[in-house]
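S.K.: Here it is, the structure in full.
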Amino acid sequence: MPPTSRPVRPMTLRFATLSLVAALAAALLPHAASAEAAGALAVTHKSPFNCGKTFYANNWSPGHSPSGALDWQDYGGDDINGETVRATASGTAYFHDAGSTSYGKWVEVRHSDGTRTRYAHLATMVRSAGGSMSVGQGTTIGTVGSTGGSSAPHLHYEQRTSSGTMDTSPTVDGVTVSLGQKKAVKSSNACSGNPYTPQEVCGDGYAVVDSAGLVGGSTYLLYNAGNGSNCVVTLKTTNLGSPSSVSAFLEPQGESRTTDSGSYGYYAGPVKRAAAGQCVRWGGSVGSSTYTSPFEHCG
Numbered sequence: 001m002p003p004t005s006r007p008v009r010p011m012t013l014r015f016a017t018l019s020l021v022a023a024l025a026a027a028l029l030p031h032a033a034s035a036e037a038a039g040a041l042a043v044t045h046k047s048p049f050n051c052g053k054t055f056y057a058n059n060w061s062p063g064h065s066p067s068g069a070l071d072w073q074d075y076g077g078d079d080i081n082g083e084t085v086r087a088t089a090s091g092t093a094y095f096h097d098a099g100s101t102s103y104g105k106w107v108e109v110r111h112s113d114g115t116r117t118r119y120a121h122l123a124t125m126v127r128s129a130g131g132s133m134s135v136g137q138g139t140t141i142g143t144v145g146s147t148g149g150s151s152a153p154h155l156h157y158e159q160r161t162s163s164g165t166m167d168t169s170p171t172v173d174g175v176t177v178s179l180g181q182k183k184a185v186k187s188s189n190a191c192s193g194n195p196y197t198p199q200e201v202c203g204d205g206y207a208v209v210d211s212a213g214l215v216g217g218s219t220y221l222l223y224n225a226g227n228g229s230n231c232v233v234t235l236k237t238t239n240l241g242s243p244s245s246v247s248a249f250l251e252p253q254g255e256s257r258t259t260d261s262g263s264y265g266y267y268a269g270p271v272k273r274a275a276a277g278q279c280v281r282w283g284g285s286v287g288s289s290t291y292t293s294p295f296e297h298c299g
């Protein structure tokens, strides 16, 4: 982000003002800062880029607004412009567009402990401004650009506490980048496979009762004993984050089939149907690899 302009004050007044502010901060803030720092560490963050990618994380100071934000920049021969941007931890993503000012296209992810991360100056976002979506660690949310108040392509990244206070020494992939530091960070994000689980996609109360392997993924049948509903989801294991053909379907015996199919980055579904005491036919596909069960799980 560009530095914020400030009015010029006489030097003696400026020094007196700074001294007073520093004294007040020292007297009033130590306990609050400790509590905020503890909250900031509750969620572990990975680099916001594809597995194996290395970029500079620049926590430049003074003059960066807000202080403590990271500017992710080119490293070696790797050009960051157009790179895929991934959520550094799971949560709910909210999509915004400030136009040609400030953050430009930007996303805020609110994490389970109330902390937040922000990703700004994006060229593209996977949802329109005003939209939201659940994300896992590694879910694609956009691409690097130079929208808003940016002079060159880079990713502006922030870690904030639950109260909105900046963490001025953010840690990603185990690397802490404090004020004034610039470090090369290699991403381990999305290296271990699909960031989603069947239970996460279907929601609370659902447990896996069956599954079938596919070339490039698996399809899962889940059941919620609390409401008598089944759920089917197909998770990809290849081409993660890149839209490709995937489907999931569920058919209670004697009833019509419900299918979710399309070009998705991580999974198809959830497909949910009430089926207490009924046999169900279920399955899905990844590309040309398909699975269709017989009518089963009738209890």
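Quick note on the working numbering: the sequence shown kicks off at 1 and runs consecutively.
Just so you know, even glycine gets a beta-carbon here, dropped at the ideal spot from N, CA and C.
(1) Whole angstroms is fine: what's the gap from S102's alpha carbon to R116's?
(2) For Q199, report the span of its beta strand (DSSP E) as first-last.
(3) Does the separation of the CB atoms of D167 and S187 fall below 8 Å?
(4) N239 lies in the beta strand (DSSP E); which residues open and close that run?
(5) What three-state label does DSSP hand I141 in the structure shown?
(6) Start and end of the beta strand (DSSP E) containing N227?
(7) From N239, V215, D204, pick the residue whose C-alpha is nearest to that of G226; which is it?
(8) I'd like to know if the stretch 54-64 and the stretch 174-182 are in contact, where contact means that at least 3 CB-CB pairs between them fall below 8 Å.
(9) Should E255 be labelled buried (16 or more other beta-carbon atoms within 10 Å of its own) or exposed?
(10) Between G216 and the rest of its own chain, which residues show a CB-CB distance below 7 Å, the 5 nearest in sequence each way excluded?
(11) Looking at the secondary structure, which residues open and close the beta strand (DSSP E) in which H156 lies?
(12) With 16 as the cutoff for other CB atoms within 10 Å, does A152 come out buried or exposed?
(13) Return the CA-CA distance between G247 and L155, expressed in angstroms with no decimal places.
(14) Excluding the 5 residues preceding and the 5 following S150 in the sequence, name in chain order all residues of the same chain whose CB lies nearer than 7 Å to its CB.
(15) Determine the closest residue to G148 out of T124, M133, T161, A212, with distance taken between C-alpha atoms.
(16) State the start and end residues of the unbroken beta strand (DSSP E) segment that holds S134.
(17) Comparing C-alpha positions only, which one of G241, A129, A212 sits nearest to V135?
M.R.: Reading from the atomic positions:
(1) Cα atoms of S102 and R116: separation of roughly 18 Å, rounded to the nearest angstrom.
(2) It is not in any beta strand (DSSP E) - Q199 instead sits in the alpha helix (DSSP H) that spans 198-202.
(3) Cβ atoms of D167 and S187: not closer than 8 Å.
(4) Note, N239: premise wrong, no beta strand (DSSP E); not H, not E.
(5) Three-state DSSP puts I141 in a strand.
(6) In the DSSP assignment, N227 falls outside any beta strand (DSSP E) and carries neither an H nor an E.
(7) Selected option, being the one with the closest Cα: D204.
(8) Below 8 Å, enough C-beta pairs join the stretch 54-64 and the stretch 174-182 to call them touching: three or more.
(9) Exposed: under 16 other Cβ atoms inside 10 Å.
(10) Scanning its chain for C-beta atoms nearer than 7 Å, with the 5 sequence neighbours on each side dropped, one finds around G216 the residues K236, T237, T238, V286, G287, S289, in chain order.
(11) Per DSSP, H156 belongs to the beta strand (DSSP E) from 155-160.
(12) It is exposed - the Cβ of A152 has fewer than 16 other Cβ atoms within 10 Å.
(13) What sits at residue 247 in the sequence shown is Ser, not Gly. Whole-angstrom Cα-Cα distance: 33 Å.
(14) Setting aside the 5 residues that flank it on each side, S150 is surrounded in the same chain by G104, H121, each with a C-beta closer than 7 Å to its C-beta; the list follows chain order.
(15) Nearest neighbour of G148 by Cα position, chosen from T124, M133, T161, A212, turns out to be T124.
(16) Here the beta strand (DSSP E) through S134 covers 132-135.
(17) Considering only alpha carbons, the answer is G241.
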